[in-house]
Amino acid sequence: MVIEIIGVPMDLGANRRGTDMGPSAIRYAGLSKALRKMELEVIDRGNIEIPVPESIKTENGNLHFLAEISKACEKLGNVVGGILDRENFPLILGGDHSIAIGSIMGVAQKIPDIGLIWFDAHGDFNTLATSETGNIHGMSLAAACGRGCSELVGIGGFAPKIKEKKMVIIGVRDLDPEEKEKLKRSQVTVYSMKKIDELGIAKVVEEAIRIAGRDGSGVHVSFDMDVVDPSIASGVGTPVTGGLNYREAHLALELIAEANILKSLEMVEVNPIEDKGGNSTAKLAVELITSALGKRVF
Ligand SMILES: NC(=[NH2+])NCCC[C@H](N)C(=O)O
Ligand SMILES: [Mn+2]
Ligand SMILES: [Mn+2]
């Protein structure tokens, strides 16, 4: 399998600077080398250009950097589509989670009935009406469902990107009040940390694979590093205690690899500025990517 890496140095969707350095941090942690060691062929396509230099504030009403994020997402979607056209595997490095709108545009365009497994401490199910921050990284899942403003929802010229029935969120523990109500009324399946405590991560992932991977069309995995507990993933912009432990995170991705359903993968929200020890979060991201791509303990 040929893995094509594409970085998205984006932090305009978050309230804290630093996730724009995520792609560098993950590359520096040895991503290509780790993949080549698994005998995968790797092509690094570099980064998507973000249309705004870091210090310029062009805040757009209550949706910060809407135009810039939409533009970058559209570009990303086209690059991801191209990778799939070449029958290669898109590995997308974030960047804050707003970029998922672009990744999902690209995969859904090429694989119309694709499912989605979204690992996150958050729901990212806000719209302008419910967001308390105006940050687009808290709205990207909603946008993929066709909920929210047309500039986000309509990226790539089609909506919704994926049917809610084929979307699963794993690891949630921090929802805004109205976001929670909206998510409850949606058809998205949500496995909160409580559910993981009760059922165990293996059972949860097995069910997620069944729901998102139904009809054999494959899944896109969007992995927000803040789903992992901050004690081992400190380098994220919006940490929340009570997350997945080291083995739970690996097992989840090992099971997805074993199910042979993964069509594309994105790792987002790595923020090396916040990291508490030697780029450890990016190193963990590299390890988790290898698990998702089939590395086995035994
Ligand atoms: N991808 C993320 N880390 N999202 C965090 C979102 C936090 C909060 N719910 C918001 O709307 O701003
Ligand atoms: Mn997220
Ligand atoms: Mn999150």
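All the letters of the sequence shown, read from the start, carry residue numbers 2 to 299 under the working numbering.
Built from N, CA and C at the ideal position, the CB exists for glycine as well.
None of these values were measured; they are calculated from a predicted model.
Bridge-paired residues (DSSP) for residue i
i: Asn123; result: Reading off the sequence, residue 123 comes out as His, not Asn. Note: His123 sits in a beta bridge opposite Asp175.
i: Asp45; result: Ile6
i: Phe66; result: Looking at the DSSP assignment, Phe66 forms no beta bridge with any residue, so it has no partner.
Nearest-angstrom beta carbon gap, residue j and residue i [assumed within contact, 8 Å]
i: Ser187; j: Glu208; result: At roughly 17 Å, the Cβ-Cβ gap does not stay under 8 Å, so Ser187 and Glu208 are not in contact.
i: Val298; j: Ile257; result: No, Val298 and Ile257 are not in contact; Cβ-Cβ is about 15 Å, not under 8 Å.
Ligand 3 heavy atom lying under 6 Å from the CB of residue i
i: His123; result: yes
i: Asp227; result: yes
Pick from the options that is closest to residue i, judged by C-alpha positions
i: Asp11; options: Lys167, Phe66, Arg37; result: A quick correction: the sequence has Met, not Asp, at residue 11. That would be Phe66, whose Cα lies nearest to the Cα of Met11.
i: Gly219; options: Ile49, Asp225, Arg211; result: Arg211
i: Leu34; options: Ser232, Thr242, Ile290; result: Here residue 34 turns out to be Lys, not Leu, going by the sequence shown. Of Ser232, Thr242, Ile290, the residue nearest in Cα terms is Ile290.
i: Asp276; options: Val9, Val3, Met22; result: Met22
i: Val191; options: Gly217, Gly83, Leu142; result: Leu142
i: Ala26; options: Val287, Leu294, Ile197, Pro178; result: Val287
i: Asp227; options: Asp121, Phe299, Ala144; result: Asp121
i: Met168; options: Val80, Pro24, Ile100, Gly116; result: Gly116
i: Gly279; options: Gly244, Ala30, Leu254, Ile4; result: Ala30
i: Leu13; options: Met39, Ala73, Ile6; result: Ala73
i: Asp45; options: Leu64, Asn89, Glu199; result: Asn89
i: Ile49; options: Ile7, Ile70, Ala160, Glu182; result: Ile7
Where residue i sits in the DSSP three-state scheme
i: Glu40; result: coil
i: His221; result: strand
i: Glu55; result: coil
i: Asn16; result: coil
i: Ile102; result: helix
i: Lys277; result: coil
i: Lys264; result: strand
i: Gly95; result: strand
heavy atom of ligand 2 below 6 Å from residue i C-beta
i: His98; result: yes
Residue i beta carbon near ligand 1 (any heavy atom closer than 6 Å)
i: Gly139; result: yes
i: Asp12; result: no
Any C-beta of chain C under 7 Å from that of residue i
i: Ser265; result: Absent from the structure: chain C. Only one protein chain is present.
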